[in-house]
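Residue numbers (my numbering): -13 to 197. Here's the structure we're looking at; comments come further down.
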């Protein structure tokens, strides 16, 4: 994992996501937070498409450890029990750690109404960034989530990270940053989600369109 962090830094990535739930060897992961690159720490539950098999209490404690070890930001699922979600948000605030509260739909891109409802719930938590991700089955799904992004950013100040997973939604990962999404995700080596770009390819696309 340390090699991937170094490669991301050398490649010009501004932020890396450390997926604790995917680490085969969890010893010494805290040292990765001391590298010279901002780190989003995620510990995704199986319910949310991740690999962490422990209890919610155990998952929460690991994220608290990450905050106290110097994580730049943590990703908290909207589905996290409210008491534990509030504890993470409070601990992050006390340690000047940024927070993402996220919602993922791994089967579809929900209706605009549903996307708006989920975003309002996320906003009510007081997090720094909202994150809304759906799974695209066709071009219409992909355009729907981009339309949602444009309309949201025109009317709201809170930064929102949004794009569509899946091969049909792959282009949204490149377009979303051009429409106001502050973060998009790519892989250095192994893909962590369907439809991801390799970082080098995504960087080339974004640099071309930002000229």
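The beta-carbon is built from N, C-alpha and C at its ideal position, and this holds for glycine as well.
From which residue to which residue does the beta strand (DSSP E) around residue 117 run?
Looking at the DSSP string, the run of the beta strand (DSSP E) that includes residue 117 is 115 to 121.
When the Cα atoms are used, what is the spatial distance from residue 110 to residue 75?
CA-to-CA, the gap between residue 110 and residue 75 works out to about 12 Å.
Inter-residue spacing [alpha-carbon to alpha-carbon] between residue 133 and residue 102
C-alpha separation (whole angstroms): 12 Å.
Secondary structure of residue 91, DSSP reduced to three states
Here residue 91 sits in coil by DSSP.
Taking C-alpha atoms, which residue in 40, 122, 17 and 86 lies nearest to residue 168?
Of the candidates 40, 122, 17 and 86, the one whose C-alpha sits nearest the C-alpha of residue 168 is 86.
Can you tell which of 18, 181, 1 and 35 has its C-alpha closest to the C-alpha of residue 210?
No answer is possible for residue 210: the residues shown for the chain start at -13 and end at 197.
Extent of the continuous beta strand (DSSP E) run through residue 213:
Residue 213 lies beyond the stretch modelled for the chain, which goes from -13 to 197, so this question has no answer here.
Between 146, 28, 125 and 23, which has its C-alpha nearest residue 9's C-alpha?
Out of 146, 28, 125 and 23, 28 has the C-alpha closest to the C-alpha of residue 9.
Given residue 131 as reference, the closest of 166, 108, 114 and 115 once Cα atoms are compared
For the set 166, 108, 114 and 115, the Cα lying nearest the Cα of residue 131 is the one of 166.
Using DSSP with H/G/I as helix, E/B as strand and the rest coil, what is residue 162?
In this structure, residue 162 counts as helix in the three-state DSSP scheme.
As an exercise, report each continuous beta strand (DSSP E) stretch of at least 3 residues that is fully enclosed by the stretch -11 to 66, in chain order.
The DSSP assignment places complete beta strand (DSSP E) segments of no fewer than 3 residues inside the stretch -11 to 66 at 1 to 5, 24 to 28 and 59 to 63, in order along the chain.
Locate the alpha helix (DSSP H) running through residue 105, then write down its first and last residues.
That run of the alpha helix (DSSP H) goes 98 to 109.
Hey, residue -1 and residue 23: beta-carbon distance below 8 Å or not?
Going by C-beta atoms, residue -1 is nearer than 8 Å to residue 23.
Pull up the DSSP beta-bridge partners for residue 131, would you.
For residue 131, which the question treats as bridged, DSSP gives no partner whatsoever.
Nearest to residue 171 by alpha carbon, out of 5, -4 and -8?
When each option's Cα is compared against that of residue 171, the closest is 5.
Which residue comes first and which comes last in the beta strand (DSSP E) that contains residue 146?
Membership of residue 146 in the beta strand (DSSP E) is indicated by the continuous run 146 to 151.
Return the CA-CA distance between residue 198 and residue 39, expressed in angstroms with no decimal places.
Any property of residue 198 remains undetermined from this structure, which presents the chain solely from -13 to 197.
What's the C-alpha gap between residue 30 and residue 65?
Going from the Cα of residue 30 to the Cα of residue 65 covers about 11 Å.
For residue 143, the first and last residue of its enclosing alpha helix (DSSP H)
Per DSSP, residue 143 lies in no alpha helix (DSSP H) segment and is marked neither H nor E.
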